[in-house]
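The opening residue of the sequence shown carries number 24 in my numbering; numbering runs sequentially from there.
In this text, a Cβ means the ideal position worked out from N, Cα and C, and glycines have one as well.
Report on the structure given below.
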Amino acid sequence: MTIFILSVSEHIYSTQRIYKEALRRGHKVEIVNHLKCSIKLGKGKPAIIYQGKDIVDIPDVIIPRIGFSAMRHGAAVVKEFELNGVYSTANSSGILKAQNKIETLQIANRNELPIPQTVFSVNPENVAEQIDLLGEAPIIIKLQEGTHGSGVILAESKKSAISIIDTLYSSNTGILLQEFIKESNSEDIRAFVVGNKVISSMKRKGLDEDFRSNIHKGGSGQKVTLTLEEEEIAIKASQCLNLFVAGVDMIRSKRGSLLIEVNSTPGLQGIETYTKDNIAKTIIKFLEENVRPKL
């Protein structure tokens, strides 16, 4: 197969791992910086211009590694490949939906996936009422679009929550409010989904003074065995967003595991380090089993 990895840098751990595993298995593979791709439209025939040539007809499959800063242009590049019949490990609409936390939760809720109690509003005049819908403080305040634990705030009291929310509303920042799951003990679960299977999972633990569990914020991880319920949540969440490769985050609560978010570009470094699973190889094997190369 001819595989394009869409990534802004060849030096990123995840990009390198997938690249090397694809080469080891005998595939033609190229790292394409989607920020340097230009989409040309007209006369019904699209073109994706990269390094002076049209590449839209070259790959059998693309593996999008689209970060937050390049989300919209990256998704547009993915869409053009999709319209040309190229298989993608992440649907372009799924990439955009996963990036928006509230849209992800709306889709999850409609599909009866368990999520924390959540409130979304843009009305600065009834902040106290919004907080009351979740019950008592503490509550979690999240930016709609944030990564690696950034833009997640714990408000210990209703008074502090009102102050924080007022400030964010005044700066025209999109937020959502969620109940605080105290019993999660600063831990969450990352399930790595490939196709219709959870192929690896780890528990992430935050620093003692930090309620967030993200490894990028100094937390740690360890291999964990999921319950059947957790596997079903992870697989269904990925399918709802049309993502064949996804990182699904959950927390364990008194009423069962709850879906937090879905990542369309899950990092490999943390989970491969802590679980010793060869995730990059599994991704390539999945493509071998599900993509028919062009003749």
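Next on the checklist: Please return the same chain residues whose Cβ sits closer than 7 Å to the Cβ of Gly279, not counting the five positions on each side in sequence.
Outcome noted: Pro137 and Glu252
Checklist entry - So what does Gln201 bridge to, in DSSP terms? => result Thr141 and Ile163
Item to check | Segments assigned alpha helix (DSSP H), at least 4 residues, entirely inside the stretch 232-303 | outcome: List check, alpha helix (DSSP H) in window: 251-263 and 292-298.
Next on the checklist: I need the boundaries of the beta strand (DSSP E) containing Ala70, first residue and last residue.
Outcome noted: Ala70 to Tyr73
Checklist entry - Between Asp77 and the rest of its own chain, which residues show a CB-CB distance below 6 Å, the 5 nearest in sequence each way excluded? => result Ala70
Next on the checklist: Quick check: the stretch 300-317 against the stretch 83-100, are at least 3 beta-carbon pairs closer than 8 Å?
Outcome noted: The stretch 300-317 and the stretch 83-100 touch, with three or more beta-carbon pairs separated by less than 8 Å.
Next on the checklist: In the DSSP output, which residue or residues are listed as bridge partners for Ser223?
Outcome noted: Phe215
Next on the checklist: Quick check for students: name the residue ranges of the beta strand (DSSP E) that lie wholly in the stretch 80-105, counting only runs of 3 or more.
Outcome noted: 84-87
Checklist entry - At what residues does the alpha helix (DSSP H) containing Leu46 begin and finish? => result Residues Tyr36 to Arg47.
Checklist entry - Which same chain residues, not among the five before or five after Lys304, have their C-beta less than 7 Å away from its C-beta? => result Same-chain partners within the cutoff: Glu44.
Next on the checklist: According to DSSP, simplified to helix, strand and coil, what is Val150?
Outcome noted: helix
Checklist entry - Between which two residues does the alpha helix (DSSP H) carrying Ser61 extend? => result Unbroken run through Ser61 is the beta strand (DSSP E), Ser61 to Lys63; no alpha helix (DSSP H).
Checklist entry - Can you tell me whether His34 is buried or exposed, with buried defined as 16 or more other CB within 10 angstroms of its CB? => result exposed
Item to check | Neighbour-count burial assignment, Phe104, 16 or more Cβ in a 10 Å radius | outcome: Residue burial annotation: Phe104 is buried, with at least 16 other C-beta atoms found within 10 angstroms of its C-beta.
Checklist entry - Looking at the unbroken alpha helix (DSSP H) that takes in Lys66, where does it start and where does it end? => result Looking at the DSSP string, Lys66 is not in any alpha helix (DSSP H), and its letter there is neither H nor E.
Item to check | Delimiting residues of the beta strand (DSSP E) encompassing Ala178 | outcome: Val175 to Ala178
Checklist entry - Within the chosen definition, does the stretch 115-125 reach the stretch 148-157 through at least 3 CB pairs nearer than 8 Å? => result These segments do not touch.
Item to check | C-beta atoms of Lys102 and Ser111 nearer than 7 Å | outcome: no
Next on the checklist: My output table needs one value for Ser193: the three-state DSSP class, helix, strand or coil.
Outcome noted: helix
Item to check | Nearest-angstrom beta carbon gap, Gly174 and Lys165 [assumed within contact, 8 Å] | outcome: 6 Å
Checklist entry - If you count every other CB in all the chains shown that lies within 10 Å of the CB of Asp211, and 16 or more means buried, which is it? => result buried
Checklist entry - Beta carbon of Leu264, beta carbon of Arg40: below 7 Å? => result no
Checklist entry - Among Ala160, Tyr36 and Ser32, which has the Cα closest to the Cα of Lys182? => result Ala160
Next on the checklist: For Phe27 and Lys246, what's the separation of their Cα atoms in angstroms?
Outcome noted: 30 Å
Next on the checklist: In this structure, how does DSSP classify Lys317 when only helix, strand and coil are distinguished?
Outcome noted: coil
Next on the checklist: Measuring straight from C-alpha to C-alpha, what distance separates Ile176 and Leu191?
Outcome noted: 11 Å
Checklist entry - So the beta strand (DSSP E) Ile26 belongs to, where does it begin and stop? => result Thr25 to Leu29
Item to check | Terminal residues of the beta strand (DSSP E) in which Glu12 lies | outcome: Since the displayed the chain opens at 24 and closes at 318, residue 12 lies outside it and no answer follows.
Checklist entry - When you compare only the Cα positions, how much space is there between Ile187 and Ser144? => result 14 Å
Item to check | For Val31 and Thr127, believed in contact at Cβ under 8 Å, the rounded distance | outcome: Contact doesn't hold; Cβ gap of about 23 Å is too wide.
Item to check | Backbone secondary structure at Ser209 - three-state DSSP | outcome: coil
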